[in-house]
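Letter by letter, the sequence shown follows residues 1 to 308 of the UniProt record's numbering.
Have a look at the structure below, then the notes.
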Amino acid sequence: MGILHKWWQVKWLIINVVSFFFFFFSSSSFVKGSNFTTYSHESLDDLLCKQASNDMKGKSIKTGIIYDISIPPNMTGMEVSVVRLRAFSIWFRGLNHSFLILPPKIVAQPSRKRIAILYENLGKWSNLYFNISNYTMVAPIVGFIAYSSSENQLLDCEKIKIGTQGGNISIRFRNVSSHPKNVTPLCARVGDNGSVEFSNMTKPYLCEAQNQGHYTLVIPSSSSSGKESSKLWWVLGFVIGFVVLVLLGLILVAMKIIKRRKIKEMEKVSEVEEAFDTFWIGDTKLPSATMIRTQPSLENEYHYRCGN
Numbered sequence: 001m002g003i004l005h006k007w008w009q010v011k012w013l014i015i016n017v018v019s020f021f022f023f024f025f026s027s028s029s030f031v032k033g034s035n036f037t038t039y040s041h042e043s044l045d046d047l048l049c050k051q052a053s054n055d056m057k058g059k060s061i062k063t064g065i066i067y068d069i070s071i072p073p074n075m076t077g078m079e080v081s082v083v084r085l086r087a088f089s090i091w092f093r094g095l096n097h098s099f100l101i102l103p104p105k106i107v108a109q110p111s112r113k114r115i116a117i118l119y120e121n122l123g124k125w126s127n128l129y130f131n132i133s134n135y136t137m138v139a140p141i142v143g144f145i146a147y148s149s150s151e152n153q154l155l156d157c158e159k160i161k162i163g164t165q166g167g168n169i170s171i172r173f174r175n176v177s178s179h180p181k182n183v184t185p186l187c188a189r190v191g192d193n194g195s196v197e198f199s200n201m202t203k204p205y206l207c208e209a210q211n212q213g214h215y216t217l218v219i220p221s222s223s224s225s226g227k228e229s230s231k232l233w234w235v236l237g238f239v240i241g242f243v244v245l246v247l248l249g250l251i252l253v254a255m256k257i258i259k260r261r262k263i264k265e266m267e268k269v270s271e272v273e274e275a276f277d278t279f280w281i282g283d284t285k286l287p288s289a290t291m292i293r294t295q296p297s298l299e300n301e302y303h304y305r306c307g308n
């Protein structure tokens, strides 16, 4: 029973080690997948445009008024709004609302009588739809997209390009995460094809641009990657130490089992053999026979029997 109990302990340790490694590596894969998986921001633009069009359907729409768009529960955290402008109005006056400042002399291509501008603030969803390698976002992704508009329909979800022939377009960032004081964030513009353009801020937390798109503030992630790598080494060290301890435990248990087996075998052998008494000579214990098999005979008796 003792040997069986020890074997069950060995099996239990092996099962625990295998389970630990399976959980560790599966968890690591899941974490990596969640950190680097991104979704298409082009499909997001189309989804938000359709949501805005459906949300405003049947409502009285006035030109120059900003309308907040209702977001589905599964996209809570985003902020979306839309405004319709006349082409001549945006040419002469520009636009100043929310995070966006459009200077005068904005030109639409192709030319449209009315233009609808969709504002996007992705908030906590920014990292899911945009991934800028080697950089960490310190501000949520904000974007502005121009669509063609008509008198009867606020958005027809046909993208148009807008450009400026005057000053630059300005994007303000209000919700900026804490970052090292000695690191100045960079402006980052993410294009539709995933390309990223960097530029310096012209004022604190203000970026300038020439085209529509998605913008954010980033800092190099070398410091954070160093922390992550150090954490990884700590985890690997812990795993290696745990495995070494388990292996040592298995070796000790195996040695005990082997020793017990040898003792059992010796006991079985001793049971089938004749037992001897023992006696001590100094510090040495020696076997002693309890009976004499061959009776001794005297020399005179031997000669007598032989006829001497």
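Ideal placement from N, C-alpha and C gives every residue a C-beta, glycine not left out.
Here the structure is a predicted model, which means the values were calculated and not measured.
Item: Neighbourhood of F173 by C-beta, 6 Å cutoff - its chain only, sequence neighbours within 5 removed; Value: A139, Y205 and L217
Item: With 16 other Cβ atoms within 10 Å as the buried cut-off, status of E120; Value: buried
Item: Pair within 9 Å by beta-carbon distance, I66 and A52; Value: no
Item: CB contact flag (I169, A209, <9 Å); Value: yes
Item: Within 9 Å, strictly: CB atoms of F130 and V190; Value: yes
Item: Reduced DSSP category for S43 - H, G, I as helix; E, B as strand; rest coil; Value: helix
Item: CB of T63 within 9 Å of CB of L85, strictly; Value: yes
Item: Euclidean distance between Cα positions of C157 and D45; Value: 9 Å
Item: Exposure of L252, with buried meaning 16 or more beta-carbon neighbours within 10 Å; Value: exposed
Item: Three-state secondary structure assigned by DSSP to Y205; Value: coil
Item: C-beta contact flag for H214 and G123 at 9 Å; Value: no
Item: Test: I219 CB closer than 9 Å to a CB of chain C; Value: Of the protein chains in the structure, only one exists, and it is not chain C.
Item: Residue of L248, P110, G241 and F238 minimising C-alpha distance to I162; Value: P110
Item: Unbroken beta strand (DSSP E) run spanning S133, endpoints; Value: Careful: S133 lies outside any beta strand (DSSP E) and carries neither H nor E.
Item: Backbone CA spacing between R261 and A254 [nearest angstrom]; Value: 11 Å
Item: C-beta atoms of I61 and L154 nearer than 9 Å; Value: yes
Item: Under 9 Å between C-beta atoms of I132 and V196; Value: yes
Item: Straight-line Cα distance separating V80 from I141; Value: 12 Å
Item: Paired residues, beta bridge with P220 - DSSP; Value: Y135
Item: Beta-carbon spacing of residue 312, P104 below 9 Å; Value: Given a span of 1 to 308 for the chain in the structure shown, any question on residue 312 remains unanswerable.
Item: Neighbour-count burial assignment, V243, 16 or more Cβ in a 10 Å radius; Value: exposed
Item: Three-way DSSP call (helix, strand, coil) for M78 in this model; Value: strand
Item: Where E120 falls: helix, strand or coil (DSSP); Value: strand
Item: Which residues DSSP lists as bridging R84, in chain order; Value: A116
Item: CB contact flag (C49, I160, <9 Å); Value: no
Item: Span of the beta strand (DSSP E), counted from its first residue to its last, around residue 327; Value: What the structure shows of the chain is the stretch from 1 to 308, and residue 327 is not part of that stretch, so it cannot be assessed.
Item: Own chain partners of T202 with C-beta closer than 7 Å, once the 5 adjacent residues on each side are dropped; Value: E208
Item: Minimum C-alpha distance to M75 - residue among F99, K59, L128 and S177; Value: L128
Item: Helix, strand or coil at N54 according to DSSP, with G and I counted as helix; Value: helix
Item: R93 in three-state terms, based on DSSP; Value: coil
Item: Under the three-state DSSP convention, the category S126 falls into; Value: helix
Item: Exposure label - residue 310; buried when at least 16 CB within 10 Å; Value: The first residue shown for the chain is 1 and the last is 308, placing residue 310 beyond what the model contains.
Item: Closest residue to I90 among T164, E151, L236 and W125 (Cα-Cα distance); Value: T164
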